[in-house]
Structures are given as structure tokens and as C-alpha cells.
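Just so we're aligned: 169 in UniProt numbering is position 169 of the first sequence, and the numbers increase by one with no gaps anywhere. What follows is one structure encoded as C-alpha cells, with my remarks underneath.
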Amino acid sequence: MHSPKSIIRVKRPNSPLSPPPTPQQRQSSTTVHKKAISKKPRKILQNPQPVPIADVKWKPLNINKSELYLPLTFPTGQTFRWRKTGPLQYTGPIGPHLVSLRQLEDDGVWYCCHFTDNEDNARIDLFDFLNMGISLDEIWSEFRACDQRFTELALHLEGARVLRQDPLECLFQFICSSNNNIPRITKMVDFISSKGDFLGNVEGHDFFEFPSLEKLALLSENELREAGFGYRAKYIVRTVAALQSKPEGGVEWLLSLRKLDLQEAINCLSTLQGVGPKVAACVALFALDQHHAIPVDTHVWQVATRLIPELAGTRLTPKTCKRVTDAFVTKYGKYAGWAQNLLFISELPSQKSLLPASLWNTDEKVSVKLQTKGHAKMKKEEN
DNA sequence: AGGGGACCTCTGC
DNA sequence: GCAGAGGTCCCC
1 MHSPKSIIRV KRPNSPLSPP PTPQQRQSST TVHKKAISKK PRKILQNPQP
51 VPIADVKWKP LNINKSELYL PLTFPTGQTF RWRKTGPLQY TGPIGPHLVS
101 LRQLEDDGVW YCCHFTDNED NARIDLFDFL NMGISLDEIW SEFRACDQRF
151 TELALHLEGA RVLRQDPLEC LFQFICSSNN NIPRITKMVD FISSKGDFLG
201 NVEGHDFFEF PSLEKLALLS ENELREAGFG YRAKYIVRTV AALQSKPEGG
251 VEWLLSLRKL DLQEAINCLS TLQGVGPKVA ACVALFALDQ HHAIPVDTHV
301 WQVATRLIPE LAGTRLTPKT CKRVTDAFVT KYGKYAGWAQ NLLFISELPS
351 QKSLLPASLW NTDEKVSVKL QTKGHAKMKK EEN
């Protein structure tokens, strides 16, 4: 009995394909989910029925480009749940809300809710998700003071912000990311997401609320493997079970990690299957307010092994990972993760067009290999 | 404690 | 073919 989910299509007859972003032209076409159709009717009876927003209104956020530039915040590997739905426009779920953001050249960022049960809450949740409690202007000026290269990069990569994501969905996204590429990660995250409540369709993209732990528990390893998760299928199933076994509740347990020290939070996350130093750092930085967490990917590791000679020839372990994190924190301070995020973005091939060639990191992988793996080999041969 | 190797799958050289 | 992808686990 696979009846298609009930959808109310709200289309304005003359509306263009992409939602009009200008203040003069605020209404858009969108698709709204009729939430009354649910597998849990009793819940609907208990709660006031969400009011789908037929006429999507664009509202200003009053955030400058220096504080938030969407193309350097959304498609840069922090989240795999948002989609580009127009020029300088991105759409994605925030809790139970479906939101679009649009950058206007000289008028900051605007947003609209395609679906929500409460517009006031949506705006509050949006500011929280955008991590607006932290001023990029302030922390970047400190990075500039201590790093000439950061200063030069920042000139071209203004507004690269770190989001404050929901810990549960951030965790499963990054478990999917291990030893993986972005298109495939996105596909896997989409599969998991599709188990949550449908929120709407914008520009041909379906969006879902991230599934609850109870819904995630319905996923079997076989189903995940067939969906192309490979060996990560086991990680997902086991991590769901581990979270469900927490006395205070898995979601609450994850949220409680926001109050811990970075190392404690990393240690707790690392008890979960599929969570090593890299994934733990990503979740810590992108969801747990651990602003000095440093996701040590292969590139950071290669740079670090040259900066810290003792690390050359060793492997990325929790211990050596901490060495790298400490080095970054010593250099950049308590928001080191935000600094590293910009350095990471500057290395993305997709963002290189924003940088003058003089700022391209000319380190060829070959030469890095000679100095790291080659070094390791030489050391080994010496013995 | 730390190194070796396997692991799903897909893309690019 | 085979490394590499924003790694992690298991074993020795």
C-alpha cells in the first residue's frame, strides 16, 4: 500500500519557474505538504494543524555579505541537505520548517518559509541555524591579525560562515561522509532524509524533516546496503541503537555534548560506530558549539605533517589528531575551527575561481607525498 | 601504542 | 587497472 504522499500544489498562474527574489515581487510558486495525511493521526488530533503557507513572502534578514555569503556557506560540505534552487538561492529544512535563502547583491540576505507550523519559530530557528550569535567580522579580524595568508584569502571569501546544525542530522550526515565523495554522500543523506516527514518540493527538489530516532531505527542494514551505503550501513544501524540505549534519550544525549569540553565531546562521539576523529570533529564544529574543533581531513593532515615534523610518517589517530587541533588552536584561538573552515573552503576546486591564481595553493599532491609517505618509507628503510 | 589492511562504490587518470 | 574520495574498524 504505497499511496503517494498527499500534496497540495500551490502554483500561481503567472509565477516564473524560480521564486522571485526581489522585494517588489515577493510571491513564489511552491509545493506545500498537507501534513494532515500522516501515519500518526492521533498526533494530528492533539496538535493544532500546521498552516501551510500558500503565498510565500520574502523577508529581509538584515545580514551583510561580510557576515553571511550563501555560496560559501551552503555548498561547501557542512551540510548535504540543502539545494541550490536559484541564482544565489539555497533551500533546505530547518527542523520542521522548509526555508529558502537568497542573497541580493546590495541588499543582504532574504528568506522565505515554504512550509512551517509557526512563522515566528521559523525565524528564530533560522537565526539559530545560521549561528548568528557569532560575528564573523569580529573573529575574522583576530584571524587576520595573526595570519597573513588568512587575510588574503578572506579578502576573496567573505561571508564563509559555520552553521549550527541539529546534532542528530549532522551526525548521520558525517557518518555517511567517511571515505566518500560528495555526490554519493548527498545520495545517501537523501535516502535517510526521505524517511522523515515530507516538507515540500522546491524547484524539483523534495525536502524532508530529518527522521526521528524512532524512524531511523526502522532502517535495516540490508535496506541500507541495497541503497548503496556499503560498509556504512552497519555504522548507521549500530549508532541508532547506541543512541536509543541512552537513558536520557539519544537526542538529549547528543544535545548535552554542547555543554562539555571539546575533548570530552569528541570522546563521547567516538564511542559511536563509524565515528572517528574526523567525523567527531565535524559534528563537534558544525552542531555542538565546539568552535575550536578541527576536522582533520587528508589535506589538513598533509599540511600538518610538514608543519609538525614529528608527525611525518605517522597516521591520523585520535592522538595525532589532537596534536593538529592543539596547533591550530594555539595559532587561531578558541574559534580555530572557523578559521580552518575558511582554509578548507579555499582548497575546494569549486571555489578556486573566486581566488586569484597567486593564492592557489601550489602544493602538488606528488610533492606532498614525497614528504610524507615517502618520508615514512625512508624512515622504515633506515631501521 | 601504533602500523597494516580491508572495506562499499564511483569517478578520473 | 587503480588510486582516491573531507575515514573507520579490526587485528596484530
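Just so it is clear, CB atoms sit at the ideal spot from N, CA and C, and this is done for glycine as well.
| Query | Result |
| --- | --- |
| I'd like the list of long-range same chain contacts for R323, defined as Cβ closer than 7 Å, with 5 residues on each side in sequence excluded. | I308 and L311 |
| Spell out the partners DSSP gives G86 in its beta bridges. | Q89 |
| In chain order, what residues of the same chain lie with their CB nearer than 7 Å to the CB of R144, ignoring the 5 residues before and after it? | F150, T151 and A154 |
| For E67, which three-state DSSP category applies? | coil |
| Going along the chain, which residues of its own chain have a beta-carbon closer than 7 Å to the beta-carbon of V251, five neighbours each way excluded? | L168 and L213 |
| If you reduce the DSSP assignment to three classes, tell me which class P23 lands in. | With a pLDDT of 36 at P23, under the threshold of 50, the modelled position of this residue cannot be trusted; read the value that follows with caution. P23 falls in the coil class under three-state DSSP. |
| So for S100, helix, strand or coil by DSSP? | strand |
| Here's the rule: buried if 16 or more other CB atoms are within 10 angstroms of the residue's CB, otherwise exposed. What is N222? | exposed |
| Alpha carbons only, please: which of G77, P247 and V296 is nearest the one belonging to L163? | G77 |
| Let me know the secondary structure DSSP gives L348 once reduced to three states. | coil |
| With a CB to CB cut of under 7 Å and the five nearest residues on each side skipped, what residues in its chain are close to F172? | I192 and I236 |
| Could you tell me if N341 is buried or exposed, where buried requires 16 or more neighbouring beta carbons within 10 angstroms of its beta carbon? | buried |
| Specify the secondary structure class of S38 as computed by DSSP and reduced to three states. | With a pLDDT of only 37 at S38, under 50, the local geometry of the prediction cannot be trusted, and the value read off the model is given with reservation. It is coil, neither helix nor strand. |
| By the 10 Å Cβ neighbour count, where 16 or more other Cβ atoms means buried, how is D289 classified, buried or exposed? | buried |
| My output table needs one value for L199: the three-state DSSP class, helix, strand or coil. | strand |
| Does DSSP put I134 in a helix, in a strand, or in coil? | coil |
| So L68 packs on L130, CB below 8 Å; how close in whole Å? | 6 Å |
| Are S66 and E158 closer than 8 Å when you measure CB to CB? | yes |
| Where does the unbroken alpha helix (DSSP H) through F286 begin, and where does it stop? | P277 to A287 |
| Would you kindly work out how many angstroms separate the C-alpha atoms of K181 and Q103, rounded to a whole number? | The sequence as given places Asn at residue 181; Lys does not occur at that position. Approximately 27 Å, taken between the alpha carbons. |
| Could you spell out where the beta strand (DSSP E) holding D206 opens and where it closes? | H205 to F208 |
| Closest to E105 by C-alpha separation, out of V296, F115 and P71, would be which residue? | P71 |
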